[in-house]
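Visitor:
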Amino acid sequence: MKKITILFMMLAFWSAGMKAQCINTVPYPTETIVSVNSGDPQQINSCIYTGNFSTVSNLTVGNDYIFSLSSNGTSVTKYITVTDVNNEVLANGPSPLTVSGIPNTSARVHYAEDEACATLEWCLEAYVTAVLTCPFPTNIQISGVSQTNASFNWIPGGTETAWEVMVLPKGTPAPESSNSGISVVDNPQYAVSDLEAGNRYQFYVKADCGSEFSPWRGPYDFNAACSPVAEFSENFDGITDNELPACWTALKVDAATDAYIGIDGLSNSAPNAVQLANGNSASAANILLISPDLSTVGTGDHRLKFYTRGYGNVTIEVGTINTTTSDGTFNLIETINANANYTEHTVNFMDYAGTDTHIAFRHANTSTYNPVFVDDIRWELAPLCPDLGHIEMTAIAQTAATVAWEPGDSETQWDVVYSDTLNDPALLTPVSPAPTSPEATITGLQPNTAYKVWVRSVCGGADGNGAWMNPVTFTTACDAVSILNEGFESTAFGALPECWSAIVAGNGMFNSRVQVVTNNASGGSNAVSLSDNDGISDSKIILVSPSLNTVATGTHRVKFYAKSNVPTSMIVGTLDSAATGGNFNDYQTINLTPSYAEFVVDFSDYAGTDNYIGFRHVSGQYVSIYLDDIRWEQTPLCADVSSITVNATADAAAVNWDANAGETQWDVVYGTADVTDPNVLTPISPAPAGNSETVLSGLMPNTPYKVWVRSVCGGALGNGAWIGPVSFRTACLPVGNFSEGFEGAPIDGLPDCWSAVLAGPTLGQYAAVRTVNHDMAFGSNAIEIHANSSAPTDWVMLVSPYLNNLGAGTHRLKFYALSYNNDTPFEIGTMNGNNSQATYTAFQTLTLGNNGYNEYVIDFTNYSGSDSYIAFRNIAGNYNSTFIDNVRWEVLPSCPDVTSLDINGTNADGATITWEGNGESNWQVTYGGVSVSDPSTLTPSGLITETSYQISGLEDNTFYNVWVRSVCGGPDGFGAWIGPVTFRTDCLSTSAPYTEDFESVSLPNLPECFTAQTISGNGWDTTWGDSGYGFDGYVIRYQGNSAYANSYFFTQGVQLTEGIEYEISYKYGNNSSDNYAESMQVLYGTSPDAASMVNELADHPEINSGMAATNIVTFTPPASGDYYFGFRAYSEPNQSQLFVDNINISPTLAVPGTENDVLSWYPNPVKDILHLSNSNIINNITVVNLLGQKVLESKPNLTNTTIDFSGLSNGGYIIKITSDGTVRTIKIVKQ
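Per my numbering, the very first residue in the sequence shown carries number 2; after that it's consecutive.
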């Protein structure tokens, strides 16, 4: 409830010139920020909203602090109020706000838009800065760095005229505050002359203010210059410590703190590259990678070559710089636009006429958080003979390959070298004779071997030779094969099987892929994905088969399974080479859907000369095509069978198929799931003849099998191809009833003998039937039937075990179900098998709600069909998930079920069970531990003639399951066991003293032996306490909602004795000092329920300080016995959070007569003022330290008083409080 009133706001702004005090209630961050007091701006958080407050600790009392706000690094003039932790205002004003002589070690910083305390949700950076009495030097500059020398200068932080400095080799531990350096007096500058060329160093400086020193500033890194070099080649691959190579420099000037230059694994040549990450830097920042010192920058005969990329489009500038220090000047030579793929660039320096001696790469900072990567940098003599243009392999065979290129100019001769082992073209001998046209065929290669090929131009005379162009890598073809069968199961993700290849080519093709994936498989776990992520119209995205020597024979066909993520098409064709420049010739267009289908492309009419089969993606951007189980095989003269279906029982399987050319005899083979080649199996005998069906007998129950079928034509026509495999699992042995709670099922799997059927033309890609460990009705597991994008007409079904009595007319189905959506249609049906070839028949449609699990009963006594399975079918589609739990197939009892089974009270050794009978007059109860799920394994009670039963002899604090059934006798027998209902027996009571500090709880659960009762509002839970409100460790919490609170928690029972005085103490508080108020009663009674809480100990109607308080109440129980202490939240709606901690109940050892004497105090720890309150007059207060020395004493003779601790040292103190002759002792910590 808001506590700010119109009157309050008028008073706040009436006084002319009075500044507003904006006190906020929402902490952010929730943890306390510890000030490091270094003198540097320390970030409190990077995303503060006005309307938040932050808590900062470890402040130095008496020191000045600056609190400030900025947005994206730019200072903003928002409004800041600084208070102590009790929200007593220390200072307020616009940012940056200086608080002089801060009086506390902790403070709250409140943020507002203006002095009217307006708020706005946007991210601001908040900082705290300690103002040092001896300020450190600023603006440290390093200049004049040579191989042996460097100069340093700085600006004094104050009026000091003396400093100390250190120049240390990089890697030396940083100096401690007590370490002395080299003294510098009067002039803020220093120079060294004994550096070693190429070594890395770090500079430190601190101010000498006479009586004290500032903190050391540093390290400031710099490199002694290296001896100049004429050329270099750097790939950054020998780096192991994330440092740049020797003589390279990273320089960040005016860059954001999150800018970065360093080694990265996103390389052009593995394993390393350099990343220039600009973070949140402004466009004027200089983020520079600087080369070694070069002797040839200005000679006019060199060039720079390098590879670069980004995560997307990013700009990098190439230029020169005169030094490696921050005073250097960058001179732009050329701007490079990089994209998401590494691309080689050449920057020519033959026209450069300057005097700089370093090359630099500068991040252009055209957008924030957009890194750029650089690799394989070469500074080399620019050849007079021109570089070549595009190089590609145009043909690749088993022992030969053809490479082609674009001439750089008018040259007419070139050198070509290649190797399968060497990486330096200078070590290789060019092919002979040298090519005189821009193409060369390399012969004498080994099949299936990786090679690199380099090409350079040959100009002759004074122009000499061009540069060797970076190698093109290719792999020669495998020896040609006549057939193939590839399921991609042994290939790693992202690769392709040996002898298969991919062509991904086109201008601007960077992100498209052809690769094996470990999902979306037709059979097994792997498939090949062809994905277009670039959308280039003339692109090539092709999966290429191994070399085949039977493409042109007119005798073969290709069979494969394919699907796509959206309805689309692809092209099957042929190629003359697997090289990027190979020619693809269309042969047949295939239409695809999101469901796998088998396709057959007959090449008997093919009249070309190509020897590769290609599968080409032509469907546009963001379309993915999946291929699996590709076979290149001889086209049989005997026609294929088709439409193989299997319906299995426990020991047999009926196999049916379609004959397609009048054949009348077939071969059938089958094997276990590990068999992949039907040729290793023996056909069944006698072979099926006449009718296209057979029965496989002698199978093992609940076992996976595969079956293949081929037609037998005889004579010249021979046999057809083996068609299959069709996988199936035999049924479990039939059962007459079952009870399944899915507790032993593997997550994402199903229990033994249960099946999932997923089928249909629009079946969603991620439709699933699986065991999950959430959304369960009982225990820890349930079944999720998830439709994904499937239509209601698709089959998304859970199928029961094989039943031998589905048509007996004697059984019923009982189960629990829920849906995430209200009014969800759900169907129960029957099937004659447990796979997608079976026949499904709807039996009953249900409507599920989203208000929790409900139990459903389906009566099958009128079922007259012949099916043997029950199916649970999701017919909602549209990404619906339905959850199923505790499924039972049982005889429909003639004796009616009991209903409304409930637990009507528990104690430490028993519980009272109640139910409603439905006409019967006798019942039985059985019970067991929660691990028991089948009541038939338990011993039932004797006959019970009332609808309640007292279970006794149980263990305390233990969970049990209980069931009840009706007993009708005679032919009607027994009703079904109804249940289980789970309950926990009470804990045994404990003795005083009793303590609960909540430190051993498992969040968000209540402590063991605590109970709760929620009449309205929310329940209590446990959470981590916030030190900003005075709570450490775990606490118990009530969190408000839109309802009036009436919510209890109860302690474990505590044994109390009549006539003995006890006291209960507890810490309590809330998380707001202004806008919200909580209300709480503390009571006790003889049972842990609201009705028994008849004795009030304390009432806290308005808890709104935002700080923990401790309360003590003395009381004397009216009789000996077990008592429970109840804490009742009764806050108004829409409040915030109420906390309770450190409950203690103990005898006072005092004389009775001060019953319900209430003492409370806050805060603890205390910094200055401790507040005390007692229900009776406080006569005397004595404060002693831990040495027993009296340090304070007063005689307030008031019920409410204070103690001023501001003059005492930090530490622990004992306070003795005398009231009406009774002395109470409490312990306080002074901070």
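Glycine residues also receive a C-beta, built at the ideal position from the N, C-alpha and C atoms.
Mind checking who residue 111 pairs with in its DSSP beta bridge?
Guide: In the DSSP output, where bridge partners are listed per residue, residue 111 has 54, 82.
Visitor: Take residue 676 and list the residues in its own chain whose beta-carbon comes closer than 7 Å to its own, dropping the five residues that flank it on each side.
Guide: Closer than 7 Å at Cβ, skipping near neighbours: 682, 707.
Visitor: Please state whether DSSP places residue 316 in a helix, a strand or coil.
Guide: Three-state result, residue 316: strand.
Visitor: For residue 951, does the count of other Cβ atoms within 10 angstroms reach 16, so buried, or fall short, so exposed?
Guide: The residue in question, residue 951, is exposed, as its Cβ has fewer than 16 Cβ neighbours within 10 Å.
Visitor: Give the C-beta separation of residue 281 and residue 259 to the nearest angstrom, bearing in mind that I take them to be a contact with Cβ-Cβ under 8 Å.
Guide: Residue 281 to residue 259, Cβ: 6 Å. Contact.
Visitor: Going by Cα to Cα distance, which pick from 1078, 1125, 1104 is closest to residue 1098?
Guide: Considering only alpha carbons, the answer is 1125.
Visitor: Tell me the DSSP bridge mates of residue 975?
Guide: DSSP lists 968 as partners of residue 975.
Visitor: Enumerate in chain order the residues of its own chain whose CB-to-CB distance from residue 912 is below 6 Å, with the five nearest sequence positions on each side excluded.
Guide: Counting only Cβ-Cβ distances below 6 Å, and skipping sequence neighbours, we find 904, 952, 984.
Visitor: Under a three-way DSSP split, which group does residue 464 fall into?
Guide: Looking at residue 464 - three-state DSSP - the assignment turns out to be helix.
Visitor: Looking at C-alpha atoms only, which residue of 1034, 1147, 1213 is the closest neighbour of residue 1141?
Guide: Nearest C-alpha to residue 1141: 1034.
Visitor: Comparing alpha-carbon positions, which option in 306, 749, 680 lies nearest residue 720?
Guide: Ranking the options by Cα distance to residue 720, first place goes to 680.
Visitor: State the DSSP-derived secondary structure class of residue 662, mapped to helix, strand or coil.
Guide: In the structure shown, residue 662 sits in coil (DSSP, three-state: anything other than H, G, I, E or B).
Visitor: How should residue 501 be labelled, buried or exposed, when 16 other C-beta atoms within 10 angstroms of its C-beta is the threshold for buried?
Guide: That one is buried.
Visitor: In terms of alpha-carbon separation, which member of 66, 24, 100, 927 lies closest to residue 118?
Guide: Checked all of 66, 24, 100, 927; the closest Cα to residue 118 is 24.
Visitor: Fully enclosed by the stretch 896 to 982, which beta strand (DSSP E) runs are 3 residues long or longer?
Guide: Taking only runs of at least 3 residues, the beta strand (DSSP E) segments lying wholly in the stretch 896 to 982 are 900 to 908, 911 to 917, 924 to 930, 949 to 952, 960 to 970.
Visitor: Any idea what DSSP makes of residue 182, helix, strand or coil?
Guide: Coil.
Visitor: Would you mind sorting residue 557 into buried or exposed? The rule is 16 or more other CB atoms within 10 Å of its CB.
Guide: Burial call: buried.
Visitor: Classify residue 351: buried if its beta carbon has 16 or more other beta carbons within 10 angstroms, exposed otherwise.
Guide: Residue 351 comes out exposed.
Visitor: Report yes if the CB atom of residue 198 is closer than 8 Å to the CB atom of residue 148, and no otherwise.
Guide: Contact: yes.
Visitor: Check whether the Cβ of residue 818 lies closer than 8 Å to any Cβ atom in chain D.
Guide: You won't find chain D in this structure, because it holds only one protein chain.
Visitor: Mind reading off the beta-carbon distance from residue 610 to residue 564? Whole number of angstroms is fine, and I expect it under 8 Å.
Guide: That belief does not hold up - the Cβ atoms of residue 610 and residue 564 are roughly 32 Å apart, past 8 Å.
Visitor: Which residues does DSSP pair with residue 1015 in a beta bridge?
Guide: BP columns for residue 1015 point to 1048.
Visitor: Going by the beta-carbon positions, is the gap between residue 219 and residue 230 smaller than 8 Å?
Guide: No, the pair does not count as a contact, with Cβ atoms beyond the cut-off.
Visitor: Would you identify the three-state DSSP class for residue 428, choosing helix, strand or coil?
Guide: Three-state result, residue 428: helix.
Visitor: How far does the beta strand (DSSP E) with residue 820 in it reach, from first residue to last?
Guide: Start and end: 812 to 820.
Visitor: May I ask you to list the residues that DSSP assigns as paired with residue 93?
Guide: Looking at the DSSP assignment, residue 93 forms a beta bridge with 82.
Visitor: With a Cβ-Cβ cutoff of 8 Å, do residue 559 and residue 573 count as a contact?
Guide: Cβ atoms of residue 559 and residue 573: closer than 8 Å.
Visitor: Less than 7 Å between the CB of residue 871 and some heavy atom of the ligand FMN, yes or no?
Guide: In the structure on display, the ligand FMN does not appear, and there are no ligands present to speak of.
Visitor: Under the three-state reduction of DSSP, which class applies to residue 623: helix, strand or coil?
Guide: Reduced to three states, the DSSP call for residue 623 is coil.
Visitor: Given residue 627, which residues of its chain have a CB within under 6 Å of its CB, disregarding the five upstream and five downstream residues?
Guide: Excluding residues within five positions, the ones whose Cβ falls inside 6 Å are 521, 528, 530, 564.
Visitor: Of the choices 982, 1068, 978, 976, whose alpha-carbon is the least far from that of residue 997?
Guide: Nearest C-alpha to residue 997: 1068.
Visitor: Just curious, the beta strand (DSSP E) that residue 532 is in, first and last residue?
Guide: Counting along the chain, the beta strand (DSSP E) containing residue 532 begins and ends at 528 to 533.
Visitor: Just to confirm my understanding: we take residue 298, look at its own chain, exclude 5 residues before and 5 after, and list those with CB closer than 8 Å. What are they?
Guide: Same-chain partners within the cutoff: 321, 350, 353, 355, 357, 358, 359, 360.
Visitor: Could you give the first and the last residue of the continuous beta strand (DSSP E) run that contains residue 489?
Guide: Taken as a continuous stretch (DSSP letters only), residue 489 belongs to no beta strand (DSSP E), as it is neither H nor E.
Visitor: When you compare the CB positions of residue 1112 and residue 1043, do they come within less than 8 Å of one another, or not?
Guide: Contact: no.
Visitor: Counting along the chain, where does the beta strand (DSSP E) carrying residue 346 start and finish?
Guide: 344 to 349 is the span of the beta strand (DSSP E), which, as asked, contains residue 346.
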